[in-house]
Amino acid sequence: MTEYYTGSALDHFRILRKIGSGGMGSVFLAEDSRLSRNVAIKLLHTSSTDDQAMIKHEAMLLAQLNHPNIVQVFEIVETENEQIAVVMEYINGCTLQQYTSEKLLTLKRRLDILSQVAAGLAEAHAKGIVHLDLKTQNILVDKAHRIKITDFGGGGKEQDINTNNATRGSAMSLSPEQAQQLPLDYRSDLFSFGIIAFQLLSGEYPFVIRRSKRAAMDEIINGKPKKLADIAPHLPPELCMTIDQLLSKRPEERPQNAADLAPFFRQIMLSVTDDLEDLSRVFMRVAPDNQNRKSFAFQWQRLGKLRYLLLTALGINLAFFIHFITEHILPG
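In UniProt numbering, the protein residues as written are 1 to 332.
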């Protein structure tokens with residue numbers, strides 16, 4: 001199996017650097033010599049027939065979608081030693097999980113994110129494609145703050161996704177019907193979207209956090225989700241009600257399409273007024289593993305209103321220091 005390094009050639013692409021890796025393969029930043037643009041190339045580690053079929057499946061799904069909130073696939077390349085490479089749009093940014101853990105986001109910004117995710121999801125559903133693994137790690141944010149949904153490998157066409165009863169997706173992002181291996185449709189994605197929305201707007205996971213996969217799935221099946229209004233009472237009631245509906249156990253009780261959600265979140269975004277308190281009302285604990293607690297943004301927000309007292313004290317001391325220097329040290 002060929003190893004690729006900076007400067008290596010893969011067809012008409014020149015590898016610039018590795019930007020990520022996982023169990024199945026690696027992702028490289030590369031330059032397209034024909035079109036003079038940067039692209040991302042996902043390259044499989046193995047020549048397994050099943051793995052090749054899966055990555056081709058994902059590429060074919062994404063190739064059917066042309067939307068500003070979905071990562072675009074350009075082509076599939078098969079190397080001389082039968083490795084499969086998928087050439088995709090390069091997103092210069094980070095995952096939504098990283099983005100929310102490292103930045104202080106206003107309520108308007110959070111609603112804008114949800115509106116964009118809903119718009120991308122609506123496009124996929126309109127083409128009959130269900131994601132089945134929607135989570136903050138599978139959503140990218142570029143430098144212009146645009147949202148891009150990626151990693152459709154676990155999903156498929158709505159008419160095909162029930163042929164294999166295996167549970168797909170991450171345990172803490174599954175819908176109840178996924179966890180129970182029941183028939184699925186696009187409304188399964190809406191439940192997963194509800195989990196993302198709840199986390200973005202409250203800073204908390206909507207269910208009791210369980211550490212094992214089986215326990216996490218049981219919690220989603222049988223556990224009662226938290227009420228958004230109880231955790232974030234400052235949010236508009238209609239927003240809280242919609243998020244609660246997205247987390248309904250029964251698919252028929254959820255909003256019935258993502259196309260209505262995008263303008264809904266945008267309308268709420270335009271109606272709210274951000275202030276400094278918005279930054280302290282929502283903790284940065286979007287990832288349920290609490291890794292974000294170590295970040296400066298999270299620790300700063302934990303201080304709540306004490307932050308403003310600290311800043312005031314710092315300002316007073318700075319003013320006193322400048323006065324002292326002016327009066328006693330600098331020549332008159």
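Each residue gets a CB set at the ideal place from its N, CA and C atoms; glycine is no exception.
The DSSP-derived three-state label of Glu123 is helix. Per the coordinates, the alpha-carbon of Lys226 lies some 5 Å from the alpha-carbon of Pro206. Relative to the Cα of Thr79, the nearest Cα in the group Cys94, Ser170 and His45 belongs to His45. DSSP places Glu78 in the strand class (E or B) of the three-state scheme. Residues Glu158 of the same chain have their beta carbon placed closer than 6 Å to that of Asp185, with the five preceding and five following residues left out of the count. Contact between the region 261-273 and the region 102-117 is present: three or more C-beta pairs spanning the two stretches fall below 8 Å. Taken atom to atom, the span from the alpha-carbon of Asn69 to that of Val117 is near 7 Å. The Cβ atoms of Leu246 and Leu190 sit closer than 8 Å to each other. For Ser188, the enclosing alpha helix (DSSP H) covers residues Arg187 to Ser202. Spanning the alpha carbons of Gly93 and Asp142 requires a straight line of approximately 4 Å. Restricted to the region 82-141, the alpha helix (DSSP H) segments that are unbroken, complete and at least 4 residues in length are 96-102 and 107-126, listed in chain order.
Less than 8 Å divides the Cβ of Ala262 from the Cβ of Ala119.
Take Gly156, set aside five residues on each side of it, and the residues of its chain with a beta-carbon closer than 8 Å to its own are His57, Leu61, Ile129, Val130 and Leu132, in chain order. When rounded, the separation of the alpha-carbon atoms in Pro237 and Leu228 is 9 Å. Of the other Cβ atoms in all chains shown, fewer than 16 fall within 10 Å of the Cβ of Gln181; this residue is therefore exposed. Minimum Cα-Cα distance from Ile149 among the listed residues Glu177, Met172 and Phe193 corresponds to Phe193. Around the beta-carbon of Asn138, 16 or more other beta-carbon atoms lie within 10 Å, marking it buried. Nearest Cα to Arg14 within the set Glu252, Asn38 and Cys240: Asn38. In the three-state reduction of the DSSP assignment, Glu158 falls in the coil class. DSSP links Lys18 through a beta bridge to Phe28. Rounded to the nearest angstrom, the gap between the Cα atoms of Ser8 and Asn81 is 15 Å. With 16 or more other Cβ atoms inside 10 Å of its own Cβ, Gly154 counts as buried. Sequence-distant Cβ neighbours of Ala259 in its own chain, meaning closer than 6 Å and more than five residues away, are Ala122. Note on geometry: alpha-carbon atoms of Leu10 and Phe28 lie some 11 Å from one another.
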